[in-house]
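All remarks here apply to the structure that follows.
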Amino acid sequence: MSTEMKTAKKAIQDKIESQIHSIQARLELLKAKAEAGKANAELKLIADLFAKRLTIDHKLGELKGSGETTYQQTKSDVEARVAELEKSLKALETKLKAA
Numbered sequence: 009m010s011t012e013m014k015t016a017k018k019a020i021q022d023k024i025e026s027q028i029h030s031i032q033a034r035l036e037l038l039k040a041k042a043e044a045g046k047a048n049a050e051l052k053l054i055a056d057l058f059a060k061r062l063t064i065d066h067k068l069g070e071l072k073g074s075g076e077t078t079y080q081q082t083k084s085d086v087e088a089r090v091a092e093l094e095k096s097l098k099a100l101e102t103k104l105k106a107a
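So, in structure tokens, the structure goes:
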């Protein structure tokens, strides 16, 4: 694998890790707000989002270890999961703001 390819893969992985850290921080904040407001239904949703984030962490590990033949598919899978988690998180944030 060329140095350029390694650098590009590292940049993509760093970007995804940054997104995951941002999502984690937002989830922690939502969890604290939901616990303070005794929002049990929302706490269940937040727990589900934490589980999805853990799955993404696992998939990111697969991405880091993937070879050239599987890299693009694994990358697409991870990016789609991150996008879906982001969408779910935004919907939950909106719901908690309205409450």
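This note's numbering puts the first residue of the sequence shown at 9, with every later residue one more than the last.
Ideal placement from N, C-alpha and C gives every residue a C-beta, glycine not left out.
1) According to DSSP, is G75 part of a helix, a strand, or is it coil?
2) On the DSSP letters alone, give me the boundaries of the alpha helix (DSSP H) that K46 sits inside.
3) If we ignore side chains and look at the alpha-carbon of each, how far apart do I54 and R34 end up?
4) Starting from the Cα of V90, find the closest Cα among Q21, I28, A40 and T15 and give me that residue.
5) Taking Q80 as the reference, which of I20, L37, T11 and K60 has the closest Cα?
6) Is DSSP giving S84 helix, strand or coil here?
7) In angstroms, rounded to a whole number, what distance separates the CA positions of I24 and G45?
8) Within its chain, find whatever has a CB closer than 6 angstroms to the CB of K39; leave out the 5 residues flanking it on each side and keep chain order.
On the basis of the supplied data:
1) coil
2) The continuous stretches of alpha helix (DSSP H) do not include K46, and DSSP gives it neither H nor E.
3) 10 angstroms
4) I28
5) I20
6) helix
7) 31 angstroms
8) Within the same chain, K39 has close Cβ partners I54.
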